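What follows is a single structure, written as structure tokens, with notes after it.
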Amino acid sequence: MKHRYKTIFTGILLTGFMMVSPLQAQEHGSKTHGHTKEPAKKESAHKPSKSGHQKGHSQHKGGLHLFSPDWHGTLSEHQKVAVDEMHLRLMKDTAAIKAMITVKKTELAVLATQDHAKLEAMNKKIDEILDLKRQKIRARYAHIIEMREMLSPEQRISYDMRIISQAAGRKK
């Protein structure tokens, strides 16, 4: 009899914990540690709310932007328009290339999965993909040179750190 009550009591206790735990987790996730939670604001790609230095160094691991302001935040109105025009031109130049790379990769996968797949045909398709990637990389680095020419020497410091950081495998 006592064993039955213990089992029922344990079951009720476990059920209560299972119901309360998700509620506590949900409540904990919504807390902002003493700060009121504000809705996220959509920021312009060229107009961050605060410079990298004002936000602290958490977003700049590895020494990126130690003291100089992020180049985005220092652009003049004329430079912002020029940057947008350059980015649009780059997007137009590379959009078709990216689409063709996707198509060629799909064609390569189809070739690889055929019965009696021909390595020569696959190698030709790989060469086509690499040619397209070469075009895309050349367009990107031509864009980088164009961007650097438009920036002031102070802005280039931040821009160059970003370029080198991306080349090292870190994204923005």
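Each residue of the sequence shown is one higher than the last, beginning at 0 in numbering that gives the first Met the number 0. All C-beta atoms, glycine included, are put in the ideal place defined by N, C-alpha and C. All values derive from a computational prediction rather than experimental measurement.
A check of alpha carbon separations from Lys103 across Val80, Ala116, Lys124 identifies Lys124 as the nearest.
Annotation for Thr93: the continuous alpha helix (DSSP H) segment containing it runs 76–111. In its chain, beyond the 5 residues on either side, Gln154, Ser157, Tyr158 have a beta carbon closer than 6 angstroms to the beta carbon of Trp70.
Judged by their CB atoms, Ala138 and Asp92 are nearer to each other than the 7 angstroms cut-off. By the Cβ test, the stretch 125–133 is not in contact with the stretch 80–87, since fewer than three Cβ pairs between them sit closer than 8 angstroms. Under the three-state reduction of DSSP output, Ser164 falls in the helix class. Between the alpha carbons of Glu76 and Gln134 lies a distance of about 31 angstroms. In terms of Cβ geometry, His142 and Leu107 do not form a close pair [threshold 7 angstroms]. DSSP, reduced to helix, strand and coil, places Leu150 outside both helices and strands of the structure shown, so it counts as coil. If you ignore the 5 residues before and after Ile100, its C-beta comes within less than 8 angstroms of the C-beta of Ile128, Leu131, Lys132, Lys135, all in its own chain and listed in chain order. If you draw a straight line from the Cα of Asn122 to the Cα of Lys97, it is about 20 angstroms long.
Scanning its chain for C-beta atoms nearer than 7 angstroms, with the 5 sequence neighbours on each side dropped, one finds around Ala116 the residues Leu110, in chain order.
Assigned with DSSP and collapsed to three states, Asp159 falls in helix. Lys117 sits in coil when the DSSP states are folded into three classes, being neither helix nor strand.
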